[in-house]
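Residue numbers (my numbering): 828 to 1256. Where a beta carbon is used, it is the ideal one built from N, C-alpha and C, also for glycine.
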Ligand code: GUN
Ligand code: ZN
């Protein structure tokens, strides 16, 4: 892709705005210059105009922001989104497990992966950490489709060798062997990465968790992706299954699964001691508000996570999550934090949905904002896409107010275009 410039309003974060007073970088009339798929220059039009004299410039009637990062989502669950609860363990056996059983068929994986990734792009999401199913072919299907779209996707086959139906179970040994062969085939290919993915402590034997830890030791830089402390019944069952572990975090600790490349979804009911140990390990957390509210799981304590030093990204957690739109996730994250007396502003919400997620996934050297040298994944938001949003924005002209309005009132119709490494990957029909 030759050097190309986009002129329009720009909003992105250089750091966590609650920690760094100069983290927010905005340009009412800005220019983003892309070369070889990366950000070559970014700044005010008034300053950069001379340097783009011989560069084709596209005028953007809208707001340019970085591509969103979904820090926790299940692609095989798109067809059970919004299936009525009541709570986690029932929801898994009634909806998630039967849906996942179909993914032994490679055609189901391929069709669903295409649909899922196109939905991510339509919602402005360009990077995601994704659960597949226990079937090796389900991870292969997602890797292949993500490679075809040049998206930054981290996934892995699910490890589950107990407390699950036979059609979606593996064994400790087959789980290990298949994960190893997937790592060799896909990790580091294009923009893809592998995550060793034990579903959660309830569905893996001690032997399987031990082999998951071995996979991490044998493949530095590979992620660990699982669930932690989401629901009261889940936590009680984990205590019964692992009577020698003092708490839930201790189960993952015992098998070497608390690493700087670990991402734990939920973390709603951790004790202070668990937070301290999780933070110290360098692990990250996915805050999944639409799922946590939908399943009645609990309210995430963002302040506790931050005090512990854990990196936090936002996850849709579809299918228990009720939307693939990062706007819906930001909206409900805002409300959860309101209930926790921790009001978030537009900049912090966008941080969590972009750079915060990239930090959680340790890909912040590559994506998460539009700093020079980063991969040019970005989104164009259209103020005029929704009549209600347009009216609201007419009364809220500053860039932070506009952004907050998108988060509260927007959906995929507000995403006019999504660019992946500077190339148009989605255009709203
Ligand atoms: N815990 C274990 N598996 C799952 C899942 O598929 N969804 C959610 N929300 N929690 C889980
Ligand atoms: Zn999940």
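Per DSSP, the unbroken alpha helix (DSSP H) holding residue 1130 starts and ends at 1129–1134. The three-state secondary structure of residue 937, taken from DSSP, is helix.
With a cut-off of 8 Å on Cβ pairs, the stretch 1219–1239 is not in contact with the stretch 911–922, counting fewer than three such pairs. Taking 7 Å as the cut-off, the beta carbon of residue 1022 is found closer than this to the beta carbon of residue 1052. Counting C-beta pairs closer than 8 Å gives fewer than three between the stretch 1125–1138 and the stretch 1199–1218, which falls short of the contact rule. With a cutoff of 6 Å, residue 886 does not count as near the ligand GUN, since its C-beta is closer than that to no heavy atom of the ligand. Distance between residue 913 and residue 1057, taken at the CA atoms: about 14 Å.
Separation of residue 893 and residue 1185 (C-alpha to C-alpha, rounded to the nearest whole angstrom) is 11 Å. Going down the chain, each residue whose beta-carbon is closer than 5 Å to a heavy atom of the ligand ZN shows up: 1092, 1144. Per DSSP, residue 1100 is one residue of the alpha helix (DSSP H) stretching across 1099–1108. Counted as a single uninterrupted DSSP element, the alpha helix (DSSP H) harbouring residue 925 occupies residues 924–928.
Annotation for residue 1003: 1038 place their beta carbon closer than 6 Å to its own, counting only its chain and skipping 5 residues before and after. By the 16-neighbour rule on beta-carbons within 10 angstroms, residue 1204 is buried.
Between the alpha carbons of residue 1252 and residue 863 lies a gap of roughly 16 Å. Considering only 900, 896, 946, 906, the residue with the shortest C-alpha distance to residue 979 is 896. Look at the beta carbons and you see the stretch 1233–1248 touching the stretch 943–955: at least three pairs across the two are nearer than 8 Å. The stretch 958–1005 contains, as complete beta strand (DSSP E) runs of 3+ residues, the segments 979–983 (chain order). Remark: the C-beta of residue 1026 is in contact range of the ligand GUN, defined as less than 6 Å to any heavy atom. Around the beta carbon of residue 1110, 16 or more other beta carbons lie within 10 angstroms, which makes this residue buried. Per the DSSP secondary-structure output, residue 1255 pairs with nothing in a beta bridge. Inter-residue distance for residue 1143 and residue 1236 is about 17 Å (C-alpha atoms, whole angstroms). One Cα belongs to residue 901, the other to residue 1114, and the distance between them is close to 14 Å. Annotated three-state conformation of residue 856 is strand, per DSSP. Pairing residue 899 with residue 931 gives a Cβ-Cβ distance that is not under 7 Å.
For the 7 Å CB-CB criterion, residue 1197 and residue 866 form a contact. Using a Cβ distance threshold of 7 Å, residue 1032 and residue 997 do not count as a contacting pair. Membership of residue 1068 in the alpha helix (DSSP H) is indicated by the continuous run 1059–1068.
Classified as buried, residue 1210 has 16 or more neighbouring CB atoms from the shown chains inside 10 Å of its CB.
As DSSP reads the structure, residue 1140 sits in a beta bridge with 1113. If you ignore the 5 residues before and after residue 983, its C-beta comes within less than 7 Å of the C-beta of 959, 966, 1006, 1009, 1021, 1022, 1023, 1024, 1052, all in its own chain and listed in chain order. The Cβ atoms of residue 1137 and residue 1183 lie no closer than 7 Å to each other.
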